[in-house]
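Chain order of the listed sequences is L and D.
Each residue of the first sequence is one higher than the last, beginning at 21 in my numbering.
Each residue of the second sequence is one higher than the last, beginning at 21 in my numbering.
Here is the structure we will look at.
Number of protein chains: 2
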Amino acid sequence: MPSPKALKPKRDINQLPRKKAVFFLLSVYPIKTEVIKPNTDLAKTIADSLYAANLTPRDGDVIAISAKVVSFSEGNLIRLEGIRPSSLAYSLANKYSLPPEFVEAILAEADEVLGGVSGALLTIKNNIIVANAGLDLSNAPPGYAIPWPKDPKSSCEKLRKKLRELLKADICTMITDSKVHPLRLGSTSIALAVSGFQPVEDLRGSQDLFGKTIKIKRMALADALACAAQLVMGEARESCPAALIRGISLKRVNSSFSTEMTISKDECLYLKNLKPSFD
Amino acid sequence: MPSPKALKPKRDINQLPRKKAVFFLLSVYPIKTEVIKPNTDLAKTIADSLYAANLTPRDGDVIAISAKVVSFSEGNLIRLEGIRPSSLAYSLANKYSLPPEFVEAILAEADEVLGGVSGALLTIKNNIIVANAGLDLSNAPPGYAIPWPKDPKSSCEKLRKKLRELLKADICTMITDSKVHPLRLGSTSIALAVSGFQPVEDLRGSQDLFGKTIKIKRMALADALACAAQLVMGEARESCPAALIRGISLKRVNSSFSTEMTISKDECLYLKNLKPSFD
């Protein structure tokens, strides 16, 4: 294929009248900050960065923040060196090529352990199925692991309250983390908590193009927003732990959500049918 | 919480110097088209809509297109009325409250059936774990189901070639579909195929904030882009089957991908540990 220069399409490809402008546009801005530390005032740091980037938040904007920096700023750090692994931890560490201290920390953090592959355990925490109970070694100080925030919903709500005050805008917040998915190579993001908008859009009862009623469709709006934010946030050492999302039509509510984005094993197409095998 | 008006943050919240502009911005534009029918020239329809919306594609833009309209425009339609269900189809239909003809169509389309819940079967197709083998009744003509495109990678490549010619810009394409995830309420999107860029970003070997080498992290860039596109495309009757994504840093390659975004059951944190139970 040739690599043509970007030219305007020729007039003859279209007879439709041109509209004045695109009616809708989703924008995602990265929020690059100084390195976050325990006791950093995260809301103020984000507000400072927005100001420095000349970005004025508007009512309805969503600010997505990485779970890791939320947790780190709250002082949640697990020191691995001091941990004495149990025999179960040693056995799992041996089986899945993980440090026994890290496995012990995962066991303490997880609600359930379902198995593992080399380098990761499959766990459930807060009814979220995730690798290593959300514990992360990357971007943690050497010898430490960073867990999820203790109460993501409450952290998200507090961040919204503080950011609304600092920014003088009725913004929404969400706390995001990356997550691997069955049979997919690589991770995308999910929302651990949101504040200020309905995280799941219910399309049931609306009609399709042929007038048929849609029966079961819901859209995981917050998870999709987390993925959009991830595209600008980066995962390595970008120091870009947050993003501002503008232009999405949200159902605004003055409340916060976390487990409302999850379903039970019994309702779940996957967990209802796939059971731990422990081979 | 009060609902303050959107005002500029006060100067005193920040002592940092203001930069001239945000260094990076991801934009997602909806591409609203006429209703797609079998034998619609999809590339031309999209080019027409971009022109009508006054949106001039640039080199490196990604055009995401719903799998359903790609398939429909290629004439892929399954007429359910003519189908004679097998006894297995009747049995699964009865167990999971589905029409037997629809179940038979799923059985023909799926590479593997893992189980079900009321209203949906859990299947694997093209090494993607998905409800109902990707068959969709919504936005299909009454009495029909729409499957995935027969060869998503080839369709994606053809669309890219045609769109590059029509738009005179070196754009990328991707074909997207919605998908539910374990224990999550609602669906997000994944990429069935991409053309023109590397769909998975490999972060292994890069360094974190503390100089530690990242060992296992990959980012499912194409799936995250699919979610960003989903935010403007809608799922009901919006007639918005495509989106243009601009501003993302991509590793451009002149090739197409599909199964390169999947991993085997044996490498999969979920499928390695969770096995079909058929209770």
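For glycine and all other residues, C-beta sits at the position ideal for the given N, C-alpha and C.
Predicted, not measured: the structure shown is a model, and the values here were computed from it.
- Under DSSP, LEU141 (chain L) forms a beta bridge with L:GLY136.
- Excluding residues up to 5 positions away in sequence, PHE92, SER93 lie with their Cβ nearer than 8 Å to the Cβ of LYS57 (chain L) in the same chain.
- Scanning chain D for C-beta atoms nearer than 7 Å to the C-beta of PHE277 (chain L) yields nothing, as the closest lies near 10 Å away.
- Closer than 8 Å to the CB of ASP197 (chain L) there is not a single CB belonging to chain D.
- Per DSSP, THR65 (chain D) is one residue of the alpha helix (DSSP H) stretching across 62-72.
- Taken through DSSP and simplified to helix, strand or coil, CYS288 (chain D) comes out as coil.
- Taking 8 Å as the threshold, the shortest C-beta distance from ASP228 (chain D) to chain L falls below it.
- Cβ atoms of VAL252 (chain L) and TYR49 (chain L) come within 8 Å of each other, at about 7 Å.
- With respect to the 8 Å criterion, ALA109 (chain L) and GLU124 (chain L) are classified as neighbours on the basis of their beta carbons.
- The beta carbon of LEU186 (chain D) sits closer than 7 Å to those of ALA63, LYS64, ALA67, all from its chain and outside the five residues before and after it, given in chain order.
- If you look at ARG184 (chain D), you'll find it isn't in any beta strand (DSSP E); it sits in the alpha helix (DSSP H) that goes 172-187.
- Neighbours of MET281 (chain L) in chain D, taken as residues whose beta carbon is under 9 Å from its own, are ARG204, LEU205, GLY206 in chain order.
- Look at CYS260 (chain L) here: in three-state DSSP terms it is coil, with no helix or strand label.
- Here LYS181 (chain D) is actually not in contact with GLN218 (chain D); their C-beta atoms are around 19 Å apart, not less than 8 Å.
- The alpha-carbon separation between THR60 (chain D) and SER284 (chain L) amounts to approximately 42 Å.
- The alpha carbon of PRO105 (chain D) has as its nearest neighbour, out of D:SER259, D:LEU291, D:LYS199, D:LEU118, the alpha carbon of D:LEU118.
- Approximately 30 Å separates the beta-carbon atoms of THR193 (chain D) and LEU205 (chain D); this is outside 8 Å, ruling out the contact.
- Under the Cβ criterion of 8 Å, GLN250 (chain D) is counted among the residues facing chain L.
- Using a 10 angstroms sphere on the CB of PHE277 (chain L), the tally of other CB atoms reaches 16 or more, which defines it as buried.
- Short of 8 Å from the beta carbon of LYS52 (chain D), and not among the five residues preceding or following it, lie these beta carbons of its own chain, in chain order: SER69, ALA73, GLU258, SER259, CYS260.
- In the DSSP annotation of this structure, the continuous segment of the alpha helix (DSSP H) that includes VAL252 (chain D) starts and ends at 241-253.
- With a cutoff of 8 Å on beta-carbon distance, GLU101 (chain L) and GLU129 (chain L) are scored as not near each other.
- Taking 8 Å as the CB threshold, GLY95 (chain L) stays off the interface with chain D.
- For the options D:SER198, D:PRO202, D:VAL200, D:GLU177, the alpha carbon positioned closest to that of ASP190 (chain D) is the one of D:GLU177.
- Counting every other CB atom within 10 Å of its CB across the protein chains shown gives PRO202 (chain D) a total of 16 or more, marking it as buried.
- Beta-bridge pairing by DSSP links MET194 (chain D) to D:ALA84, D:VAL214.
- The count of Cβ pairs closer than 8 Å, one atom from the region 133-148 of chain L and one from the region 288-296 of chain D, reaches three, so the stretches are in contact.
- Residue environment: GLY225 (chain D) is assigned as exposed (fewer than 16 neighbouring CB atoms within 10 Å of its CB, all protein chains considered).
- DSSP places ASN274 (chain L) inside the beta strand (DSSP E), whose first and last residues are 272-277.
- Taking the C-beta atoms as reference points, ALA151 (chain L) is found no nearer than 8 Å to LYS145 (chain L).
- For the set L:LEU75, L:THR143, L:ILE149, the Cα lying nearest the Cα of THR282 (chain L) is the one of L:ILE149.
- Nearest Cα to ALA87 (chain L) within the set L:LYS115, L:ASN96, L:ASP131, L:ASP286: L:ASN96.
- Within a 10 Å sphere around the beta-carbon of ASP286 (chain D) sit fewer than 16 other beta-carbons, which makes this residue exposed.
- C-alpha of ILE166 (chain L) to C-alpha of ALA160 (chain L): approximately 6 Å in a straight line.
- Excluding its 5 nearest sequence neighbours in each direction, ASN147 (chain L) has C-beta neighbours in its own chain below 7 Å: THR279, THR282, listed in chain order.
- Not flagged as an interface residue toward chain L: TYR116 (chain D), since no C-beta distance is shorter than 8 Å.
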